[in-house]
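Written below as structure tokens is the structure these notes are about.
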Amino acid sequence: MRTDVIVGVDIGGTSIGAGCIVNKEIVKTHSLPTGAERTAEEILETLYEVIEKVMLPETKAIGVGVPGLINAGKGEIVKISNIPAWNGLGLVEKLSSRFNIPVYIENDANCFALGEKHFGKGQKFDNMVAVALGTGVGGGIIINNKLHSGLFGGAGEVGHMPYKDSIFEAYCGSGFFNKINNITGKELFDKAMEGDENALALFNEFGHHIGKLVTTIMYILAPDAIIFGGSISKSFPLFKEGIQEEVAEFPFDVMKDIITIEQSELDDIAILGAAGLYYNA
20 MRTDVIVGVD IGGTSIGAGC IVNKEIVKTH SLPTGAERTA EEILETLYEV IEKVMLPETK
80 AIGVGVPGLI NAGKGEIVKI SNIPAWNGLG LVEKLSSRFN IPVYIENDAN CFALGEKHFG
140 KGQKFDNMVA VALGTGVGGG IIINNKLHSG LFGGAGEVGH MPYKDSIFEA YCGSGFFNKI
200 NNITGKELFD KAMEGDENAL ALFNEFGHHI GKLVTTIMYI LAPDAIIFGG SISKSFPLFK
260 EGIQEEVAEF PFDVMKDIIT IEQSELDDIA ILGAAGLYYN A
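Per my numbering, the very first residue in the sequence shown carries number 20; after that it's consecutive.
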């Protein structure tokens, strides 16, 4: 039996997390605060420590998800706003020299798509888009079973597309709910689950905005599936109907009748997605 042992790493401005994945199952995880205000070398030492805590002797490769622009061919971080000391860092060279195994890096939203493709609901689709809904709205694109990352890993940044008086992110991320005074998103969710009509109406309106994003993606990419993750996706049952109402207006019946629109069910998707870089190589 083939044994794949991969380390997946999630780089964040607040914490650096890693997991050891054996035959597509996470067996060990560890994380430490990033300390993003420190020097590049100091943060690297933290990264090394996190990886060493989860790494097994038979580890085949390391995959790293980075919240910024990357040059995968050169193995460099082009720009990472949360950790400015790492702008221009040759991360692949640093890690491969340290651990003597292949290292892959990619934008974290693209890693999310790979996570769904290799570990989640995306496994049965050749062409899919994964969209993360949270403070921001980002996505990753799978075409013919391979990641389409584009220049500097920037493909799939659907939240930055123009929409109404702003961009999709303003209507499809947490900013939509932040416009409501004196109530948190969690409180609004609880009210909706209790059947509060105003809260339910807000989630339905939110779903219509998401639906506009979905149909825009359908026009451009015509994927087999769109899968939503991120913190807001936990409310998917509350805004799914709004999405469906928008998709019902899509002019090409053969596409709208077949496309799958679902909520991710993966935990530790960032770590799994980074490990997915090994399977995409």
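Yeah, the Cβ is synthetic: ideal placement off N, Cα and C, and Gly gets one too. Just so it is clear, the structure is predicted and the values come from calculations on it, not from any experiment.
- Can you tell me the Cα-Cα spacing of arginine 117 and leucine 63, whole angstroms? Reading the sequence shown from its first residue, position 98 is the one you call residue 117. Reading the sequence shown from its first residue, position 44 is the one you call residue 63. Roughly 11 Å separates the two Cα atoms.
- If you run the structure through DSSP and keep just helix, strand and coil, what is isoleucine 236? The count along the sequence shown starts at 1 and reaches residue 236 at position 217. Of the three classes helix, strand and coil, the one that applies to isoleucine 236 here is helix, per DSSP.
- Taking only runs of the alpha helix (DSSP H) that begin and end inside the region 158-239, which ones reach a length of at least 4 residues, in chain order? Within the region 158-239, the complete alpha helix (DSSP H) runs of at least 4 residues are 187-191, 193-197 and 204-212.
- Could you pull the start and end residues of the beta strand (DSSP E) that leucine 296 belongs to? Looking up residue 296 in the sequence shown gives position 277. Here leucine 296 belongs to no beta strand (DSSP E); instead the alpha helix (DSSP H) covers 288-299.
- Task: Find out if the Cβ-Cβ distance for the pair alanine 294, isoleucine 25 is shorter than 8 Å.
- Result: Position 275 of the sequence shown holds residue 294. Position 6 of the sequence shown holds residue 25. Using a Cβ distance threshold of 8 Å, alanine 294 and isoleucine 25 count as a contacting pair.
- Message: Using DSSP's beta-bridge definition, name the partner residues of alanine 91.
- Response: To locate residue 91, count along the sequence shown from 1; it is residue 72. Alanine 91 pairs with nothing; no bridge assigned.
- Task: Just mark threonine 53 as buried or exposed, buried being the case when its beta carbon has 16 or more other beta carbons within 10 Å.
- Result: Locating residue 53 in the sequence shown gives position 34, where the first residue counts as 1. So threonine 53 ends up on the buried side.
- Which of the three DSSP states, helix, strand or coil, is assigned to phenylalanine 269? The residue labelled residue 269 in the question sits at position 250 within the sequence shown. Three-state DSSP puts phenylalanine 269 in coil, outside helix and strand.
- Item | Unbroken beta strand (DSSP E) run spanning serine 116, endpoints | Within the sequence shown, residue 116 is the residue found at index 97, counting from 1. From DSSP, serine 116 is part of no beta strand (DSSP E) but of the alpha helix (DSSP H) over 110-118.
- Is the CB-CB distance between alanine 149 and alanine 132 below 8 Å? Translated into the one-based positions of the sequence shown, residue 149 becomes position 130. Translated into the one-based positions of the sequence shown, residue 132 becomes position 113. The Cβ atoms of alanine 149 and alanine 132 lie closer than 8 Å to each other.
- Task: Could you spell out where the beta strand (DSSP E) holding isoleucine 277 opens and where it closes?
- Result: Here residue 277 refers to the residue found at position 258 of the sequence shown. Note, isoleucine 277: premise wrong, no beta strand (DSSP E); not H, not E.
- Item | Chain-order list of residues whose beta-carbon lies under 7 Å from that of tyrosine 67 (same chain, five-residue window excluded) | Along the sequence shown, read from residue 1 onward, the residue named residue 67 stands at position 48. The residues are Arg117.
- Task: Leaving aside the five residues before and after isoleucine 262 along the sequence, list all residues of the same chain whose C-beta is less than 7 Å from its C-beta, in chain order.
- Result: As a first step, residue 262 must be located in the sequence shown, where it is residue number 243. Excluding positions up to five away in sequence, the list reads Gly226, Ile229, Gly230, Val233 and Ile280.
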